[in-house]
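In the numbering used here, the protein residues as written are -5 to 233. We treat Cβ as the ideally placed atom computed from N, Cα and C, and that holds for glycine. Report on the following structure.
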Amino acid sequence: MTLYFDKIKLLLKLTGAPKPVIQEVYKAINYKTMKRILPLLLILILNYPLIAQVDLNVIIQEESSDIKIEGLSLPIHKIALYDTLLWASDYGNGGVYKSIDGGETFKEIAKLGAEYFESIQFLNEKVGFISGDYGYVYKTIDGGSTWTEISPEIENRITERFRNDSTKNQEPDGIFAAYYSMYFMSESRGYVSGFSFNPSLGFGKSFERLFFLTSNGGLSWRLLDQSEQKGAVNEFKGK
């Protein structure tokens, strides 16, 4: 285990992680508790350069047996952290869970429309966002107790789950959207990006990239074309 901790310290320097994150990880290392450190490593994987992702993923795969949600058969998919609070989404059923004791215990707080939530972020203990497949984006202002859908408007968007269900048409005529990246720099300004396609036409024939920007907390969104996306990405990177 000591080798893992030494590697983590080195990777922290390589990734240029913010000082608060480094302090929390070092604190977890000192405690020698992987249950506390794993969520922090997941944050790094989601937010920092690819150079460190492979090594961190190996560490998590080998040590992740300590992180479990009682009564949940599905694995944890994504995690957000604020102070000692943790929020997690499951892998494949739209469940959202919260821990108020640093990951020792979790409680299911919501079951939302997406199957796979690919991004979850909390700006503070109250305000958070989550996004995933079927074009769903949600916002909470009470720490996750209630969620409001703020999804970008897409004409003929498919919102009813059909994948992984053999009783349903696997090639419905409509727009399947999925967001694989999301970031809010404030409660009002943020983006989601991903792709869409029409299952009845096929992925290759109908694939489109999506990049939506909001300046009012998701009340409205603007779809950016490719020429606008680079400037928006640089803004969120602080360039």
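**Asked** Are the beta-carbon atoms belonging to G236 and I169 less than 9 angstroms from one another?
**Response** A query on residue 236 cannot be resolved here, the shown segment of the chain reaching from -5 to 233 and no further.
**Message:** Using only the alpha-carbon positions, how far apart do K120 and D136 sit?
**Reply:** Translated into the one-based positions of the sequence shown, residue 120 becomes position 126. Translated into the one-based positions of the sequence shown, residue 136 becomes position 142. The alpha-carbon atoms of K120 and D136 are separated by roughly 5 angstroms.
**Request:** Helix, strand or coil for K92, going by three-state DSSP, please let me know.
**Result:** Indexing the sequence shown from 1 puts residue 92 at position 98. If DSSP states are grouped into helix, strand and coil, K92 belongs with the strands.
**Prompt:** Would DSSP call F201 helix, strand or coil?
**Reply:** If you number the sequence shown from 1, residue 201 lands on position 207. Three-state result, F201: coil.
**Asked** Could you give the residue range of the beta strand (DSSP E) that holds V131?
**Response** Sequence index remark: in the sequence shown, residue 131 carries index 137 (1-based). Residues V131 to T134.
**Asked** Going by the CB atoms, is the gap between G184 and Y177 shorter than 9 angstroms?
**Response** Taking the sequence shown and counting its residues from 1, one reaches residue 177 at position 183. Taking the sequence shown and counting its residues from 1, one reaches residue 184 at position 190. Yes, Cβ-Cβ distance for Y177 and G184 is below 9 angstroms.
**Asked** Which of helix, strand or coil does DSSP assign to I188?
**Response** For the purposes of this step, residue 188 is taken as the residue at position 194 of the sequence shown. Going by the sequence as given, residue 188 is Gly instead of Ile. Note: G188 maps to strand in three-state DSSP.
**Message:** Which same chain residues end up closer than 8 angstroms to S160 when comparing Cβ atoms and leaving out the 5 residues on each side of it in sequence?
**Reply:** Reading the sequence shown from its first residue, position 166 is the one you call residue 160. Excluding positions up to five away in sequence, the list is empty.
**Asked** What is the DSSP secondary structure of M223, reduced to helix, strand or coil?
**Response** As a first step, residue 223 must be located in the sequence shown, where it is residue number 229. The residue you asked about is not Met; residue 223 is Gln in the sequence shown. In the structure shown, Q223 sits in a helix (DSSP, three-state: H, G or I).
**Item:** DSSP three-state assignment for F156, whether helix, strand or coil
**Value:** Reading the sequence shown from its first residue, position 162 is the one you call residue 156. Three-state result, F156: coil.
**Asked** Any idea if G109 is buried or exposed, counting beta-carbon neighbours within 10 angstroms, 16 or more meaning buried?
**Response** For this step, residue 109 is matched to residue 115 along the sequence shown. One point to set straight first is that residue 109 is Glu, not Gly, in the sequence displayed. E109 should be labelled buried.
**Prompt:** So what does I114 bridge to, in DSSP terms?
**Reply:** The count along the sequence shown starts at 1 and reaches residue 114 at position 120. DSSP lists I124 as partners of I114.
**Beta-carbon proximity check, E102 vs Y85, cutoff 9 angstroms** = Mapped onto the sequence shown, residue 102 falls at position 108. Mapped onto the sequence shown, residue 85 falls at position 91. Against a cut-off of 9 angstroms, the Cβ pair of Y85 and E102 comes out as no contact.
**Message:** So the candidates are D95, K224, Y173 and E98; which of them puts its Cα closest to the Cα of Y132?
**Reply:** One-based indexing of the sequence shown puts residue 132 at position 138. Closest by alpha carbon: Y173.
**Prompt:** Are R157 and Q164 touching if we call contact CB-CB under 9 angstroms?
**Reply:** Taking the first residue of the sequence shown as 1, we reach residue 157 at position 163. Taking the first residue of the sequence shown as 1, we reach residue 164 at position 170. It is a contact, given that the beta carbons lie within the stated cut-off.
**Item:** Contact under 9 angstroms by Cβ, S83 with I124
**Value:** As a first step, residue 83 is located in the sequence shown; it is residue number 89 there, counting from the start. As a first step, residue 124 is located in the sequence shown; it is residue number 130 there, counting from the start. Yes. Within cutoff.
**Asked** Helix, strand or coil: how does DSSP classify F206 here?
**Response** As a working note, residue 206 is residue 212 in the sequence shown. In the structure shown, F206 sits in a strand (DSSP, three-state: E or B).
**Message:** What does the alpha-carbon distance come out to for the pair D77 and G138?
**Reply:** Walking along the sequence shown from the start, residue 77 turns up at place 83. Walking along the sequence shown from the start, residue 138 turns up at place 144. One C-alpha to the other measures close to 15 angstroms.
**Item:** Which listed residue (L79, T140 and D95) has its alpha carbon closest to that of G89
**Value:** Translated into positions along the sequence shown, residue 89 becomes position 95. Nearest of L79, T140 and D95 to G89, Cα basis: T140.
**Message:** If distances are taken between C-alpha atoms only, which option among I152, I70 and I148 comes closest to G107?
**Reply:** Position 113 of the sequence shown, counted from the start, is the residue given in the question as residue 107. Among I152, I70 and I148, the Cα nearest to that of G107 is on I152.
**Item:** Nearest residue (CA-CA) to G96, options K105, A104, N87 and W81
**Value:** Numbered from its first residue, the sequence shown carries residue 96 at position 102. That would be W81, whose Cα lies nearest to the Cα of G96.
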